[in-house]
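Beneath this line is the structure, given in structure tokens, with notes to follow.
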Amino acid sequence: MNMSYKEYGQLVKKMSPGSPIYKTFPLAFLIGGTICSVGEALRLWLSSMNMSKEECGIWVSVILIFITAVLTGFGVFHKIAKFGGAGTFVPITGFANAVVSPALEFQTEGFILGVSSKMFIIAGPVIVYGTIAAMASGIICYIINCLGGNI
Amino acid sequence: MKNRRGVICFKNPPSILGYAAVAGDMEANGPLKGKFDKVFQGDMDGEKSFEKAESKMQLFAAKQALKKAGLSPDEIDIAFAGDLLNQCIGTNYGLRELNIPFAGIYGACSTMAESASERQFRFPLEYGGQRPLTAQWTATAAGAVVLGKQNEGKVNVKAACVGEIIDYQIKDMNNMGAAMAPAAVNTITKFFKSTKTQAEDYDMILTGDLGQVGSAILSQIMDKEGYPLKGKHSDCGLLLFDRQRQDVHSGGSGCGCSAAVLCADVLKRLETGKLKRVLFIATGALMSPTANQQGESIPGVAHLIFLEGNIGHGNCD
Amino acid sequence: MEIAISLLKAFCVGGLICVVGQILLDYTKLTPARILVGFVVLGVFLGTIGIYKPVVEFAGAGATVPLTGFGYLLSEGVRQAVKTQGLVGILKGGLSAGAAGISAAILFGILVALIFKPKKK
Numbered sequence: 001m002n003m004s005y006k007e008y009g010q011l012v013k014k015m016s017p018g019s020p021i022y023k024t025f026p027l028a029f030l031i032g033g034t035i036c037s038v039g040e041a042l043r044l045w046l047s048s049m050n051m052s053k054e055e056c057g058i059w060v061s062v063i064l065i066f067i068t069a070v071l072t073g074f075g076v077f078h079k080i081a082k083f084g085g086a087g088t089f090v091p092i093t094g095f096a097n098a099v100v101s102p103a104l105e106f107q108t109e110g111f112i113l114g115v116s117s118k119m120f121i122i123a124g125p126v127i128v129y130g131t132i133a134a135m136a137s138g139i140i141c142y143i144i145n146c147l148g149g150n151i
Numbered sequence: 001m002k003n004r005r006g007v008i009c010f011k012n013p014p015s016i017l018g019y020a021a022v023a024g025d026m027e028a029n030g031p032l033k034g035k036f037d038k039v040f041q042g043d044m045d046g047e048k049s050f051e052k053a054e055s056k057m058q059l060f061a062a063k064q065a066l067k068k069a070g071l072s073p074d075e076i077d078i079a080f081a082g083d084l085l086n087q088c089i090g091t092n093y094g095l096r097e098l099n100i101p102f103a104g105i106y107g108a109c110s111t112m113a114e115s116a117s118e119r120q121f122r123f124p125l126e127y128g129g130q131r132p133l134t135a136q137w138t139a140t141a142a143g144a145v146v147l148g149k150q151n152e153g154k155v156n157v158k159a160a161c162v163g164e165i166i167d168y169q170i171k172d173m174n175n176m177g178a179a180m181a182p183a184a185v186n187t188i189t190k191f192f193k194s195t196k197t198q199a200e201d202y203d204m205i206l207t208g209d210l211g212q213v214g215s216a217i218l219s220q221i222m223d224k225e226g227y228p229l230k231g232k233h234s235d236c237g238l239l240l241f242d243r244q245r246q247d248v249h250s251g252g253s254g255c256g257c258s259a260a261v262l263c264a265d266v267l268k269r270l271e272t273g274k275l276k277r278v279l280f281i282a283t284g285a286l287m288s289p290t291a292n293q294q295g296e297s298i299p300g301v302a303h304l305i306f307l308e309g310n311i312g313h314g315n316c317d
Numbered sequence: 001m002e003i004a005i006s007l008l009k010a011f012c013v014g015g016l017i018c019v020v021g022q023i024l025l026d027y028t029k030l031t032p033a034r035i036l037v038g039f040v041v042l043g044v045f046l047g048t049i050g051i052y053k054p055v056v057e058f059a060g061a062g063a064t065v066p067l068t069g070f071g072y073l074l075s076e077g078v079r080q081a082v083k084t085q086g087l088v089g090i091l092k093g094g095l096s097a098g099a100a101g102i103s104a105a106i107l108f109g110i111l112v113a114l115i116f117k118p119k120k121k
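Chains as they are written, first to last, in our numbering: chain P, 1 to 151; chain G, 1 to 317; chain V, 1 to 121.
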């Protein structure tokens, strides 16, 4: 066929339907927003029970992670995620789903090399680079503190 | 048998003695509902793992095809079969109890790593043995074909064209149709040129799993190349699922299984004379998650077979 | 009324952060995994330069539930650890702050794998 790679690439681009952003953006907003307001509701409820701010934050995350894990187990989460797009994977629910779903899928390969090692297939990079970034941040704080600043 | 750069016209074309198609419940609820030999329920059909379920499907398809051909496993000279799991384990475990001389093939083509993978139909080239068996497969569907001597069955395999590996530098794992379309173009035009035929000479030109995007690209380029497909083209990926009703990825490519479409539907129509001359082009995206992560593009390959109901006896060249 | 306003704020800010993710998903070749990494690192960065804290104070869970909030949590943890423990805080702070979330995900992951059977997508 008489076509350069570039020409073909352009043809493919022309023929491939883009994501319907009039749908994906509102859905991401709606579902992401809903998850966050559920989190907020939990936070308000917990803080009404005289919990410290820090504790509240932790329990909100834990509860959302728990809900996600259960929904993932029942095979419901990916159905919501299909509509929600970034609305479901950007919140902590996405992180939880990234841990739970490979754990479930690789069950048949055993609990050591299957479940527990595959658990971090997506979440691993998040933890690794989050930790690295945090350490970089720590170094900056340390230097500022040494220079007499207060961060 | 003449060989022109991969195009082979069989002097004594083998014929199809028996075939069987098996599918999972999602496929079985698509447009081909009721045409499968057996539907496997649930995700694993009571097996402990997907891999085991897959082996079970493949074994069933092979046995059923043999049954329809009226043959027992020890009458088969050689089996060609493949799947997409690592090391082709679906096939290896599925067929181990049949004790048929076995040549494993990797026909490639898979969808995104986490979703259903598909097995690629590939035709035995060295059809040397008289009764080879080809089994092929998708994660949720399988097809098997038993081949024998000319005119023993109702459908003859008149010619084949072995495709080249064509790579137009597509890197998007979610657009396999676009990665495979150039290979299909290459194989089809090569076959047309070499046999001096065109789309009008066939009742159906059926590609493997190009899906919506790949099919559109294919017909556009074929127009440009001077071999318009003129409404003769269909695609297994589109035939197997109802894209309006069933949610099978936005593009529709991937998730198809040409083997099941061929064995569940097209062969029957050839047998009954509803279709006479069919070009079947199995397309495969030779995608490897490892190579893709290393920045490699996705090469495509397409193999063609020319099937004819045995009412006509013309030579293909 | 106050509750309704808090919920609305969380909804809007959280929703907007998710739309940013959706834009990246639709207009770039970035995969979800890369976007997640990007969001966490971004959260650490914004937390360090002090921009994220006011957002958290304004939107509550709307800012802490998205993964940028996880990044912010890490940066806050490391900041305080450095303050109280000095050099060793650089190593301890981040992961300690994220420990609860990570442990919960691990625990529930294992439990789900024990209880449920995988389903096909």
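Yeah, the Cβ is synthetic: ideal placement off N, Cα and C, and Gly gets one too.
Among all the DSSP beta bridges, which residues are the ones paired with residue i?
{"i": "Ser15 (chain G)", "result": "G:Gly148 and G:Asn156"}
{"i": "Ile166 (chain G)", "result": "G:Gly300"}
{"i": "Val41 (chain V)", "result": "Answer is none; Val41 (chain V) lacks a bridge partner."}
{"i": "Ala62 (chain G)", "result": "Per DSSP, none; premise fails for Ala62 (chain G)."}
{"i": "Leu307 (chain G)", "result": "G:Val157 and G:Val278"}
{"i": "Gly199 (chain P)", "result": "No statement about residue 199 (chain P) is possible, as the shown extent of chain P runs from 1 to 151 and does not include it."}
{"i": "Ser37 (chain P)", "result": "Ser37 (chain P) pairs with nothing; no bridge assigned."}
{"i": "Thr272 (chain G)", "result": "Looking at the DSSP assignment, Thr272 (chain G) forms no beta bridge with any residue, so it has no partner."}
{"i": "Lys38 (chain G)", "result": "G:Val22"}
{"i": "Ala285 (chain G)", "result": "G:Gly300"}
{"i": "Pro91 (chain P)", "result": "V:Pro66"}
Grab me the residues of residue i's own chain with a C-beta within less than 6 Å of its C-beta, minus the 5 sequence neighbours each way, in chain order.
{"i": "Gly128 (chain G)", "result": "With a pLDDT of 22 at Gly128 (chain G), under the threshold of 50, the modelled position of that residue is not reliable, and no figure is offered here."}
{"i": "Arg43 (chain P)", "result": "Cys56 and Val60"}
{"i": "Lys171 (chain G)", "result": "Ser297"}
{"i": "Thr177 (chain P)", "result": "Outside the shown range of chain P (1 to 151) lies residue 177 (chain P), about which nothing can therefore be said."}
Short of 8 Å in beta carbon distance, which residues of its chain neighbour residue i, apart from the five on each side in sequence? Order them along the chain.
{"i": "Asn151 (chain G)", "result": "Ser15 and Asn310"}
{"i": "Lys83 (chain V)", "result": "Gly89"}
{"i": "Gly70 (chain G)", "result": "Leu17 and Gly18"}
{"i": "Asn12 (chain G)", "result": "Lys149 and Gln150"}
{"i": "Gly312 (chain G)", "result": "Residue confidence for Gly312 (chain G) is low, a pLDDT of 49 falling below 50, so the modelled location carries little weight; the figure read from the coordinates is stated next. These residues qualify, in order along the chain: Lys276 and Arg277."}
{"i": "Leu64 (chain P)", "result": "Ile35, Val38, Gly39, Leu42, Pro91, Ile92, Thr93 and Ala96"}
{"i": "Lys268 (chain G)", "result": "Lys35"}
Identify whether residue i lies in helix, strand or coil by the three-state DSSP scheme.
{"i": "Met135 (chain P)", "result": "helix"}
{"i": "Leu277 (chain G)", "result": "Per the sequence shown, residue 277 (chain G) should be read as Arg rather than Leu. Correct three-state label for Arg277 (chain G): strand."}
{"i": "Ile100 (chain G)", "result": "coil"}
{"i": "Val76 (chain P)", "result": "coil"}
{"i": "Lys118 (chain P)", "result": "helix"}
{"i": "Thr207 (chain G)", "result": "strand"}
{"i": "Thr152 (chain P)", "result": "Residue 152 (chain P) is absent from the structure shown; chain P starts at 1 and stops at 151."}
{"i": "Ser194 (chain G)", "result": "helix"}
{"i": "Val22 (chain G)", "result": "strand"}
{"i": "Asp242 (chain G)", "result": "coil"}
{"i": "Ile78 (chain G)", "result": "strand"}
{"i": "Ser234 (chain G)", "result": "strand"}
{"i": "Asp201 (chain G)", "result": "helix"}
{"i": "Asn92 (chain G)", "result": "helix"}
{"i": "Lys29 (chain V)", "result": "coil"}
Near residue i, what residues of its chain come up, given a Cβ to Cβ distance below 7 Å and the 5 sequence neighbours on each side ignored?
{"i": "Leu74 (chain V)", "result": "Val44, Gly94, Ala97 and Gly98"}
{"i": "Phe60 (chain G)", "result": "Val22 and Lys38"}
{"i": "Pro182 (chain G)", "result": "Ile166, Tyr168 and Gly300"}
{"i": "Leu42 (chain V)", "result": "Thr68 and Gly71"}
{"i": "Leu270 (chain G)", "result": "Val155, Val278, Leu307 and Gly309"}
Practice item. Note down, in chain order, all residues in the segment 4-20 of chain V with a beta-carbon under 9 Å from any beta-carbon belonging to chain P. Key: When CB distances to chain P are screened at a threshold of 9 Å, the residues of the segment 4-20 of chain V falling below it are Ser6, Leu7, Leu8, Lys9, Ala10, Phe11, Cys12, Val13, Gly14, Gly15, Leu16, Ile17, Cys18, Val19 and Val20, in chain order.
Check your understanding: With a cut-off of 8 Å, do at least 3 Cβ pairs link the segment 124-143 of chain P to the segment 92-104 of chain V?
Key -> With the cut-off at 8 Å, the segment 124-143 of chain P and the segment 92-104 of chain V touch.
Practice item. For the segment 18-29 of chain V and the segment 100-111 of chain P, state whether three or more C-beta atom pairs, one from each stretch, are separated by less than 8 Å. Key: No, the segment 18-29 of chain V does not touch the segment 100-111 of chain P.
Exercise for review: Report yes or no: do the segment 31-38 of chain V and the segment 7-15 of chain V share at least 3 C-beta pairs separated by less than 8 Å?
Suggested key: No: the two stretches stay apart, fewer than three of their Cβ pairs being nearer than 8 Å.
**Study point:** contact_flag[the segment 289-305 of chain G, the segment 227-239 of chain G] where n(CB pairs < 8 Å) is 3 or more
**Key:** Output reads no: the segment 227-239 of chain G does not touch the segment 289-305 of chain G.
Point to revise | Any 3 or more C-beta pairs closer than 8 Å across the segment 15-24 of chain G and the segment 65-81 of chain V | key: Two segments are said to touch when three or more pairs of C-beta atoms, one from each, lie closer than 8 Å; by this definition the segment 15-24 of chain G does not touch the segment 65-81 of chain V.
Check your understanding: Any residues in the segment 181-200 of chain G with a beta carbon nearer than 9 Å to a beta carbon of chain P? Which ones, in chain order?
Key -> Contacts with chain P (Cβ-Cβ distance below 9 Å) from the segment 181-200 of chain G involve Ala181, Pro182, Val185, Asn186 and Thr189, listed in chain order.
Review point. Would you say the segment 65-85 of chain P touches the segment 9-16 of chain P, given that touching needs at least three Cβ pairs under 8 Å?
Key: Contact fails between the segment 65-85 of chain P and the segment 9-16 of chain P, because fewer than three Cβ pairs, one in each stretch, are under 8 Å apart.
Exercise for review: For the segment 26-52 of chain G, enumerate the residues whose C-beta is nearer than 9 Å to any C-beta of chain P, in chain order.
Suggested key: Listed by position, the residues of the segment 26-52 of chain G near chain P (Cβ gap below 9 Å) are Lys48, Ser49, Phe50, Glu51 and Lys52.
Review point. Taking Cβ-Cβ distances below 9 Å as the criterion, which residues of the segment 265-296 of chain G are in contact with chain P?
Key: Answer set for the segment 265-296 of chain G: empty.
**Study point:** Residues in the segment 6-31 of chain P having any Cβ partner in chain G nearer than 8 Å
**Key:** Cβ contacts with chain G: Tyr8, Gly9, Leu11, Val12, Met15, Ser16, Pro17 and Ser19.
**Study point:** the segment 184-193 of chain G in contact with the segment 298-305 of chain G per 3-pair CB rule at 8 Å
**Key:** Three or more Cβ pairs drawn from the segment 184-193 of chain G and the segment 298-305 of chain G lie within less than 8 Å of each other, which places the two stretches in contact.
Check your understanding: Just by C-beta distance, which residues in the segment 155-182 of chain G are closer than 7 Å to chain P?
Key -> Contacts with chain P (Cβ-Cβ distance below 7 Å) from the segment 155-182 of chain G involve Tyr168, Gln169, Ile170, Asn175, Ala178 and Pro182, listed in chain order.
Practice item. Examine the Cβ distances between the segment 217-225 of chain G and the segment 26-35 of chain G and report whether three or more of them are shorter than 8 Å. Key: Short answer: they don't touch.
Practice item. Quick one: which residues of the segment 105-117 of chain P get their C-beta closer than 7 Å to a C-beta of chain G? List them in chain order. Key: The segment 105-117 of chain P vs chain G, Cβ under 7 Å: Thr108.
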